[in-house]
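Everything below concerns the one structure shown next.
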Amino acid sequence: MNRLRTILYSLNDGLCNLKHGGVTGVVSILTIAFSMLNLGLFLLLWINISPLLKGWMEEVKVLGYLKEGICESRIENLSGELAKMAHVEKVRFVSKSEALERFKETLGEDRSLLEGIEDNPLPASFELVMDDTSGIDALEDAAKRLKAMNEFDDVQSGREWVHRLYAFFLLIKIVGFLVGGVLVFVSIFIISNTVRLTLINRREEIEIMRLVGADRWFISVPFLMEGIINGFLGGAISLGLLYLLYHVLRCKLNLYLLSAIGMLRLSFVPYSAFFLLIVLGMGIGGLGSLFSLKF
Amino acid sequence: MQPYFNEQQIVQIYHVSKRFKHNCQALEDITLEVEKGDFIFITGPSGAGKTTLLKLLFVEERPTSGQIIVLGRNLNRVRESNLHRLRRQVGVVFQDFRLLKDRTVFKNIDFVLRLYGHPPKVREKKAWQILSMVGLEKKIDSYPLELSGGEQQRIAIARAIVNDPPLILADEPTGNLDQKREEEIMAIFNQINARGATLIIATHNRSMISRMGKKVVSLDNGRLVSGAVM
Ligand SMILES: Nc1ncnc2c1ncn2[C@@H]1O[C@H](COP(=O)(O)OP(=O)(O)O)[C@@H](O)[C@H]1O
Ligand SMILES: [Mg+2]
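Chains as they are written, first to last, in our numbering: chain V, 3 to 297; chain R, 539 to 768.
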C-alpha cells in the first residue's frame, strides 16, 4: 500500500519534474527517440520488403513474350511443346486481355490512368513455372530454347534478376544491421553518459536522502519513474517521426517504380510495433536510470 | 568488556576512536553515555572532532574502533540496508544544511514526512506548522538557494524535528543565526526536550552554552576534556 503510494507520488513528481529536468532530460528523451526511430525504420523496411522477397523466391519463372498475330492453333502446339521441356512444372498462357486485366489490378486505384488507351499494348505470353529441383542452369537452358523459337519476341528468366535482387537485399540487410548495430551502441553510449552526468548531479541529493532515512526503494522509484516517463516520451516521439517519414516516402516514391518491383503499396508498421517501440523505450529509460543508481 | 544495553541510555559510546585517511586522528578513545531526555552540548575548538562524533551516531562515518549503541542498536552490527530504520528515528541538523536544492522548501519537508507514510493532507498540515514554528511559512514555495544562510539553517532544523524523532543531533544549528533567531531556535529545542526528546548539540558558541545552562561535553584534539555540568 505504502509502496503503491510511493509509486503514484513518484509518477506525479516525475511528470512535474519534466519541466525542471532540463538538458539531461531532453537529451535522454531524444536519444531514446533516435534509437527507437532507428529500430522503427528497420521494421518499416522489413515489413515492406520481406513479402516481396518471399514472393520472388517462390516464383521462379521463365517468361516468354509472344510476337503479335500468332494463331491459336500454334499457341496450343507451343503449350504442349513447352510442357515437355525438362524441369518445367507448369505452363501458363497469358492472353493479351489477361495481361491487361492483371496490369489494371496492379494499378489498383490508379487504373483510371488506362482509360484513355484504346489499343492494348501488352503482349501475350507464356509463363513456365519451373520445379523445385531446377537450378540456374535448367532455367537458362529453358530460356535459351525459348529464344531459339521465332514465335517469341522477348524472353526473361526470373532467376537472373531474382538472384541479383536477392544479393542486393542481402547487402541491404547486412549494411542495415551494421549501421543499426553502430547506432545502438552510439545510443547506449549517449544514454549512459547522460545518466552518468545526471548521477553526478544527483549523487549529493541521493546521499542526503539516505542520511535522512530514505531506503533504497524510496530513492530508486522516482528516478526509475523519470527514466520510464522519458522512455515513453522518446518512444512516442520516434513513432511520430516514423509516421512522418513514412508519409513523405509514400508521397514521394514513384508508384510505377514500386509496382515494377512488385510492391503494391507501402505499408506502415503494425500496431504491435507501436507497442514494441514505446515499451522498449520505457525499458531503456528505466534501465538507464537503474544503472545510474548503483549507489 | 561487552557493553550492555541500558534502557535509560539512548546513546552509549565506548572507547571509540576514528582515524581518517592520511593518519588524521579525529577522535581518540571516547566514552560517553547520554540518557533519555538529556539536552547536551558538545563543545570545543574547530577541528576538535565534534562533527565527526555526531556523524558516527547516524552512521555517516563508522568508527575505527570501539562500540556505539544508539536507540538500542549496536551500530557496528547494523547493516547498510537497514540503516534507514535507525535514521528515521534520528533527526539531524547538518552543519552544511544538506537541503535538496532542486526541490522547494515544502518538498524538502514533505520528503521526510513521506518516509513516515503520512497521507498528503497530514503532510501539508505538518509542513506548514513546522515552517511557521521556525518563521518561514512564507518561503514554503521557494527553492533553498533562493534563501539566506540563516533561512536555510532554519529549514534544516524544521526538517530534523518535523517527525518528532526521539533523538535529535544538531551540528552548529545556530551558526548562521543572529541572536534573536538563535534564542527562538533554542526555545524550540527546549520545548521539544520538555516533550521527551533527547538533544545533542555541537557548537563552539560558548555564550549560548552558558545562557542555556545544560550539560556540556568538551572535546579537544579528538579527546574528551571534561563531562562536567557547567
Ligand atoms: N572526511 C574526512 N577526511 C579526513 N579528515 C577529516 C574528515 N572529516 C574530518 N576530518 C578531520 O578530523 C578532525 C575533526 O574534524 P571535525 O569533526 O569536523 O571537527 P569540528 O566539527 O569539531 O570542527 C579535523 O582535523 C578534520 O580535518
Ligand atoms: Mg564541525
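Even glycine gets a Cβ: it sits at the ideal position worked out from N, Cα and C. From a predicted model like this one, the values you see are computed outputs, not experimental measurements.
Using a cutoff of 7 Å, the CB of residue 588(R) counts as near ligand 2, since one of the ligand's heavy atoms is closer than that.
Counting only residues of its own chain and dropping the five nearest sequence neighbours on each side, residue 714(R) has a CB closer than 7 Å to the CB of 687, 688 and 691. Bounds of the alpha helix (DSSP H) holding residue 589(R) are 588-595. The C-beta separation of residue 629(R) from residue 711(R) comes to about 11 Å, leaving the pair out of contact by the 8 Å criterion.
Nearest to residue 546(R) by C-alpha distance, out of 574(R), 556(R) and 578(R), is 574(R). Here the alpha carbon of residue 678(R) sits roughly 9 Å from the alpha carbon of residue 647(R). The beta-carbon distance between residue 590(R) and residue 564(R), rounded to whole angstroms, is 4 Å. This is short enough to meet the 8 Å contact definition. Within the model, the alpha-carbon separation for residue 204(V) versus residue 613(R) is close to 27 Å. Bridge partners of residue 75(V) according to DSSP: none are assigned.
A Cβ-Cβ separation of about 5 Å places residue 738(R) in contact with residue 578(R) under the 8 Å criterion. The Cβ of residue 213(V) sits closer than 8 Å to at least one Cβ of chain R.
The three-state secondary structure of residue 753(R), taken from DSSP, is strand. Around the CB of residue 151(V), fewer than 16 other CB atoms lie within 10 Å, so the residue is classed as exposed. Beta-bridge annotation (DSSP): residue 156(V) is paired with 67(V). Interface annotation, residue 228(V): not in contact with chain R, CB-CB separation never under 8 Å.
Counting only the Cα atoms, residue 223(V) lies some 33 Å from residue 730(R). Taken in chain order, no unbroken stretch of beta strand (DSSP E) lies wholly in the region 91-121 of chain V with a span of 3 residues or more. When Cβ-Cβ separations below 8 Å define contact, residue 596(R) makes contact with chain V. About 10 Å separates the Cβ atoms of residue 595(R) and residue 601(R), ruling out a contact at the 8 Å cut-off. Contact check between the region 276-287 of chain V and the region 232-246 of chain V: three or more CB pairs, one atom from each, fall below 8 Å, which counts as touching. Going by DSSP, residue 227(V) is part of the alpha helix (DSSP H) stretching over 218-254. Non-local C-beta neighbours of residue 762(R) in its own chain, meaning closer than 6 Å and more than five positions away in sequence, comprise 568, ordered along the chain. The beta carbon of residue 218(V) falls within 8 Å of a beta carbon belonging to chain R, placing the residue at that interface. Distance between residue 175(V) and residue 636(R), taken at the CA atoms: about 54 Å.
Between residue 8(V) and residue 196(V), the gap from beta carbon to beta carbon reaches 8 Å or more.
At least one C-beta of chain R is nearer than 8 Å to the C-beta of residue 210(V). Burial check for residue 657(R): the Cβ neighbour count within 10 Å stays below 16, so the residue is exposed. At the C-beta level, residue 91(V) and residue 132(V) come within 8 Å of one another. Rounded to whole angstroms, the Cβ separation of residue 88(V) and residue 140(V) is 6 Å, and the two are in contact under 8 Å. The DSSP-derived three-state label of residue 656(R) is coil. For the pair residue 145(V) and residue 64(V), the CB atoms are nearer than the 8 Å cut-off. Residue 614(R) sits in a helix when the DSSP states are folded into three classes.
With fewer than 16 other beta carbons inside 10 angstroms of its own, residue 72(V) counts as exposed.
Of the candidates 700(R), 684(R), 673(R) and 653(R), 700(R) places its Cα closest to the Cα of residue 663(R). At least one heavy atom of ligand 2 lies closer than 7 Å to the C-beta of residue 709(R). Boundaries of the beta strand (DSSP E) around residue 563(R): 562-573.
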